[in-house]
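Student: In full-length UniProt numbering, the protein residues as written are 1 to 418.
Take a look at the structure:
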C-alpha cells in the first residue's frame, strides 16, 4: 500500500490485545499453560524435538540461480512446507533443558519474561503447543547461531573474526537511528551501499544478527516493536542479496516474532517490483501486512514524522549525519573484572530463581488470575541488568553515540526550523 501525497503524519494506535497488562482471563490461562509446558522442558521432564535449526552454514548450501533469483528449495525458499527453523536433523540429542533455560534468561535481558513468551503465543494464535514449538526452535537457533559472541565481542574482535565487519558500519549500510513518537526504534537499511561480492556472506549474516540484537537494547521500557526502513534509492540488481532477504524474513517470522511494527520500502525503482512479485507470495501474511511503500520523502513523512528524520537524503528536520565512531581503548575493561561480573551474575540468578519460584506456584492453579508479585520481581530485571550489562556486553556504536547508556534510551534530534 502507499500513503496519499497530501496527508500528514498521524500517530498510530498500537494494539493492546494480548499484550502485557492487557490480558483477558482466558489469555492468562493460556500463558499459565505455556509456562507449565516450558518448565517441564527446562526440568527435563518432557522430551522435545532435537532438530537443530538452520544456521548460516546450513543456509549457505542453498545456492542462487544463475539469474540472481533464489534456486528452488525442496521445502520452499523460506521453508514453506517445513518450519524455517527445522532444516538440519541432529544425529543425536544436542540440546538439554538446562541449556535452553540458560539461553532463555539471556534472551530475557531486562524484559518481563511474559513479554517475551507472549510474542510467540500471539504469533501462533494462542495455540499453546504451536507456540511452545516455535519458542523452543528460537532458543535452539540462538544457540546454533552463537548469538552470545555478538553480544560479548567488541567491534574490533568481530571484525577480526568476520572480515569487513566494521566496514559495514563505516559505510552506514545498516544502523539504528531515532524512534517514532511511540518509542519504536527505527532501523535504516541503505541497500545502495551493498554489493554481495564486497564481503563474505557470513559477515553480512552476522552483521544482520548483530543489528537485530542491538535493536533490543534501544527498545524503551514497554515498547515491543521496531520500524525498518529499506531505502531503495539508486537500487539495482547488483544490490540484491537473496541471502539477506531470506534471513530478514526468517528473523521476523520465526525468531523475533511480533517485533516488526512497520517495514517501509522507500523509493523502490521499477526493477524492484519484479523481485517483489517473487518475494510477496512467500511471506507470512502477518509479516506481509506490515509492509508500506513510499515513493518519495513526502510519503515517508506520513509514516515517520519529519522531526525524526535527517535533513540529508530524507528532507526531515533533524540536522544529523551518520558517522561510525570507532571503539576506544579500555571501553570494555569492565568485562575483565571477573570478580564483579560473578557477583552481579549471582545477583541476577537470584532474581531469576525468585521469579521461578513464584511462577511455579502461580501455574499450579491455572485460574487466569494475574500475580502481582511476579510483576514486581520482573521490574527488578531492568535495573539489575543495567548494572550487569557492562560486565557481560561489549560497548557498541549506540553507546558511543550516547543513545543506550545506563539502561536509558536517549535519542537526540537537532531540529532545524523549516
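Every residue gets a Cβ at the ideal spot worked out from N, C-alpha and C, and that includes glycine.
1. Could you check whether residue 272 and residue 235 sit closer than 8 Å to each other, using their CB atoms as the reference points?
2. So, under 8 Å CB-CB, residue 303 and residue 262 are touching, yes? Tell me the CB distance rounded to an integer number of Å.
3. CB-CB under 8 Å to residue 405, same chain, minus the five flanking residues each way: which ones, in chain order?
4. Between which two residues does the alpha helix (DSSP H) carrying residue 357 extend?
5. As an exercise, report each continuous alpha helix (DSSP H) stretch of at least 4 residues that is fully enclosed by the stretch 281–305, in chain order.
6. Which residues bound the beta strand (DSSP E) around residue 187?
7. In this structure, does DSSP put residue 372 in helix, strand or coil?
8. If residue 269 sits next to residue 232, beta carbons under 8 Å apart, how far is it from one beta carbon to the other, in whole angstroms?
9. Hey, quick one: how far does the beta strand (DSSP E) through residue 231 stretch, first residue to last?
10. Taking Cβ to Cβ, would you say residue 287 is nearer than 8 Å to residue 252?
11. From 213, 278, 239, 230, pick the residue whose C-alpha is nearest to that of residue 259; which is it?
12. Go through its chain and collect everything with a Cβ distance to residue 351's Cβ below 8 Å, but skip five positions before and after it.
13. Using a Cβ-Cβ cut-off of 6 Å (strictly less than) and excluding sequence neighbours within five positions of residue 425, which residues of its own chain qualify?
14. Do you know offhand how far residue 441's Cα is from residue 264's?
15. If I follow the unbroken alpha helix (DSSP H) through residue 52, where does it start and stop?
16. Near residue 267, what residues of its chain come up, given a Cβ to Cβ distance below 6 Å and the 5 sequence neighbours on each side ignored?
17. Using DSSP's beta-bridge definition, name the partner residues of residue 264.
18. For residue 119, which option in 41, 225, 343, 103 has the closest C-alpha, if you only look at C-alpha atoms?
19. Under 8 Å Cβ to Cβ from residue 174, same chain only, skipping five residues before and after it: list those, please.
20. When the Cα of residue 426 is compared with those of 29, 255, 162, which residue comes out closest?
21. Quick one: residues in its chain with C-beta nearer than 7 Å to the C-beta of residue 219, no 5 flanking neighbours on either side, listed in chain order?
22. Rounded C-beta distance between residue 140 and residue 52? I'm assuming under 8 Å.
23. Among 308, 301, 360, 38, which residue has its Cα nearest to the Cα of residue 9?
24. Mind checking whether residue 34 and residue 138 have CB atoms under 8 Å apart?
25. Got a sec, what are the start and stop residues for the beta strand (DSSP E) residue 329 sits in?
26. If you drop the 5 nearest sequence neighbours on each side, which residues of the same chain put their C-beta closer than 7 Å to that of residue 471?
27. For residue 315, which of helix, strand or coil comes out of DSSP?
28. Does DSSP classify residue 71 as helix, strand or coil?
29. Between residue 44 and the rest of its own chain, which residues show a CB-CB distance below 8 Å, the 5 nearest in sequence each way excluded?
30. Whose CA, out of 278, 375, 332, lies closest to the CA of residue 151?
31. Which first and last residues belong to the alpha helix (DSSP H) in which residue 210 is found?
32. If residue 317 sits next to residue 227, beta carbons under 8 Å apart, how far is it from one beta carbon to the other, in whole angstroms?
33. Identify which residue in 341, 355, 413 has its Cα closest to the Cα of residue 386.
34. Helix or strand or just coil, what does DSSP make of residue 323?
35. Please classify residue 121 as buried or exposed, where buried requires at least 16 neighbouring CB atoms within 10 angstroms.
Tutor: A quick look at the data gives this:
1. yes
2. Residue 303 to residue 262, Cβ: 7 Å. Contact.
3. 399
4. 338–362
5. Counting only runs of 4 or more, we get 285–288, 297–303.
6. 185–190
7. helix
8. 6 Å
9. 226–231
10. yes
11. 213
12. 377, 380, 381, 384
13. Only positions 1 to 418 of the chain appear in this structure, which leaves residue 425 out of reach.
14. Because the chain here runs from 1 to 418, residue 441 falls outside it and cannot be looked at.
15. That residue, residue 52, is in no alpha helix (DSSP H); it is neither H nor E in DSSP.
16. 232, 233
17. 229, 292
18. 225
19. 168, 187, 188, 189, 190, 207, 208, 211
20. A question about residue 426 goes unanswered here, because the residues of the chain that appear run from 1 up to 418.
21. 185
22. 6 Å
23. 301
24. No, the pair does not count as a contact, with Cβ atoms beyond the cut-off.
25. Here residue 329 belongs to no beta strand (DSSP E), and DSSP marks it neither H nor E.
26. For the chain, the structure presents residues 1 to 418; residue 471 sits outside this window and is missing.
27. coil
28. Because the pLDDT of residue 71 is 49, which lies under 50, any placement of that residue in the model is unreliable, and the number read from its coordinates should be weighed accordingly. Residue 71 falls in the coil class under three-state DSSP.
29. If we look at residue 44 and ignore the five residues flanking it on each side, its Cβ neighbours are 96, 97, 98.
30. 332
31. 201–217
32. The Cβ separation is near 17 Å, so there is no contact.
33. 341
34. It is coil, neither helix nor strand.
35. buried
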